[in-house]
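In our numbering, the protein residues as written are 20 to 328. To keep things clear, I will list the structure first and then write my remarks on it.
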């Protein structure tokens, strides 16, 4: 068992930034991540280009995640990948943390949980499972592994448009959305418009067809007419279903998928801070840059708390 100044639960951009800034302030930090370090950047969208991180040209999410993890480690943080935290309980002025294979203690805790583990939101079709891995996917694979000639992307958010823009380098792409308008940022929409990718609006995918592999998708229009689009790759990008059910079992009295924090990222529990999607406060903006800033604030707040203890 080891005792740390600060334990960070969650290894996405916010958690890794917290660890880096904690090291900068001379705090002993440990970061627990249930999957691979980088959070959504590497576990959900490893091939998605990130172009909105300050002073950084566009690069794949995976590369940005690895850079953040490397930097946190250079500042002395202990990184525990594939180590899900199973319980957190305060006792005798510290927090006991039980994770896969071991137990530790920390004087402060930062909840950098995002929205927990994710399950891709599915289309809800009866034959969906049949084509999984046979032309149907929920995450963009490395482009060098894509063998498709005709790809369909389903969705209208930033991830869907970024996915389509990436796929157009190796395949003909059609985007199918259920609404009239995209939900993506204006800059993403401008890049997408310049690419000239075919768009089908007000369309709902109601069927998948193919023999051994996926060969086409069936789309229903508002007038109930059906259209069929050939596709040997379909990327479903309609969101993720979060799971934070395990957190409620910890000894911190946490419920729901968010926790209120003040401007210091402090929760109502002394010594416990929250960042990224799990942290709620007025005017919050969900961006990677925001997550990094929250991590810096949480590390500074933890240092002040420890100095006053």
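Built from N, CA and C at the ideal position, the CB exists for glycine as well. A quick note: this is a predicted structure, and the numbers were derived from the prediction, not measured.
(request) Leaving out five residues on either side along the sequence, give the residues of the same chain with a beta carbon under 6 Å from the beta carbon of residue 207. (result) As a first step, residue 207 must be located in the chain shown, where it is residue number 188. Same-chain partners within the cutoff: 177 and 180.
(request) Tell me whether the beta-carbon of residue 292 lies closer than 9 Å to the beta-carbon of residue 280. (result) As a working note, residue 292 is residue 273 in the chain shown. As a working note, residue 280 is residue 261 in the chain shown. Yes, these two residues count as a Cβ contact at 9 Å.
(request) Assuming residue 193 and residue 165 form a contact by the criterion Cβ under 8 Å, report the distance between their Cβ atoms to the nearest whole angstrom. (result) The residue given as residue 193 occupies position 174 in the chain shown. The residue given as residue 165 occupies position 146 in the chain shown. About 15 Å; that fails the 8 Å criterion.
(message) Would residue 271 and residue 250 qualify as a contact pair, given that the criterion is a beta-carbon distance under 9 Å?
(response) Translated into the one-based positions of the chain shown, residue 271 becomes position 252. Translated into the one-based positions of the chain shown, residue 250 becomes position 231. Against a cut-off of 9 Å, the Cβ pair of residue 250 and residue 271 comes out as no contact.
(message) Distance check for residue 29 and residue 105, CA to CA, integer angstroms please.
(response) Counting from one through the chain shown, the residue named residue 105 turns up at place 86. Counting from one through the chain shown, the residue named residue 29 turns up at place 10. If I take the Cα positions, the gap works out to 12 Å.
(request) Please report the Cβ distance between residue 145 and residue 170, rounded to the nearest whole angstrom; I am assuming they are in contact, meaning their Cβ atoms lie under 8 Å. (result) In the chain shown, the residue the question calls residue 145 occupies position 126. In the chain shown, the residue the question calls residue 170 occupies position 151. 23 Å between Cβ atoms; not a contact.
(message) Quick check: the Cα distance between residue 46 and residue 213, rounded to an integer number of angstroms?
(response) Taking the first residue of the chain shown as 1, we reach residue 46 at position 27. Taking the first residue of the chain shown as 1, we reach residue 213 at position 194. Answer to the nearest angstrom: the Cα atoms are 47 Å apart.
(message) My output table needs one value for residue 151: the three-state DSSP class, helix, strand or coil.
(response) Within the chain shown, numbered from 1, the residue matching residue 151 stands at position 132. DSSP places residue 151 in strand when its eight states are reduced to three.
(request) From the DSSP output, in three-state form, read off residue 227 for me. (result) Locating residue 227 in the chain shown gives position 208, counting from the first residue. Correct three-state label for residue 227: strand.
(request) In the DSSP assignment, find the unbroken alpha helix (DSSP H) run with residue 325 in it and report its ends. (result) The sequence position of residue 325 within the chain shown is 306, counting from 1. Start and end: 307 to 327.
(message) Distance check for residue 132 and residue 316, CA to CA, integer angstroms please.
(response) Reading the chain shown from its first residue, position 297 is the one you call residue 316. Reading the chain shown from its first residue, position 113 is the one you call residue 132. Rounded to whole angstroms, residue 316 to residue 132 spans 16 Å at the Cα level.
(request) Using three-state DSSP, classify residue 39 as helix, strand or coil. (result) On the chain shown, position 20 is the one that residue 39 refers to. In the structure shown, residue 39 sits in a helix (DSSP, three-state: H, G or I).
(request) Kindly indicate which three-state DSSP category residue 210 falls into: helix, strand or coil? (result) Reading the chain shown from its first residue, position 191 is the one you call residue 210. Helix at residue 210.
(request) Provide the residue(s) that pair with residue 204 in DSSP beta bridges, ordered along the chain. (result) To locate residue 204, count along the chain shown from 1; it is residue 185. Its beta-bridge partners do not exist; DSSP assigns none.
(request) Specify the secondary structure class of residue 100 as computed by DSSP and reduced to three states. (result) Locating residue 100 in the chain shown gives position 81, counting from the first residue. If DSSP states are grouped into helix, strand and coil, residue 100 belongs with the strands.
(request) With a floor of 3 residues, list each beta strand (DSSP E) that falls wholly inside the region 71 to 120, ordered by position along the chain. (result) 97 to 100, 104 to 110 and 113 to 118
(request) Measure how close the beta-carbons of residue 172 and residue 256 come, nearest whole angstrom, since I'm counting them as under 8 Å. (result) As a working note, residue 172 is residue 153 in the chain shown. As a working note, residue 256 is residue 237 in the chain shown. Indeed they touch by this definition, with Cβ atoms about 6 Å apart.
(request) Entirely within the region 245 to 284 and at least 3 residues each: give me those beta strand (DSSP E) ranges in chain order. (result) 245 to 249, 252 to 255 and 259 to 262
(request) Can you check DSSP and say which residues form a bridge with residue 130? (result) Here residue 130 corresponds to residue number 111 of the chain shown, with the count starting at 1. According to DSSP, residue 130 bridges with 28 and 293.
(request) Within its chain, find whatever has a CB closer than 6 Å to the CB of residue 199; leave out the 5 residues flanking it on each side and keep chain order. (result) Within the chain shown, the letter at position 180 stands for residue 199. Here the set comprises 220.
(message) Closest to residue 295 by C-alpha separation, out of 20, 129 and 68, would be which residue?
(response) As a working mapping, residue 295 is identified with position 276 in the chain shown. The shortest Cα separation from residue 295 among 20, 129 and 68 belongs to 129.
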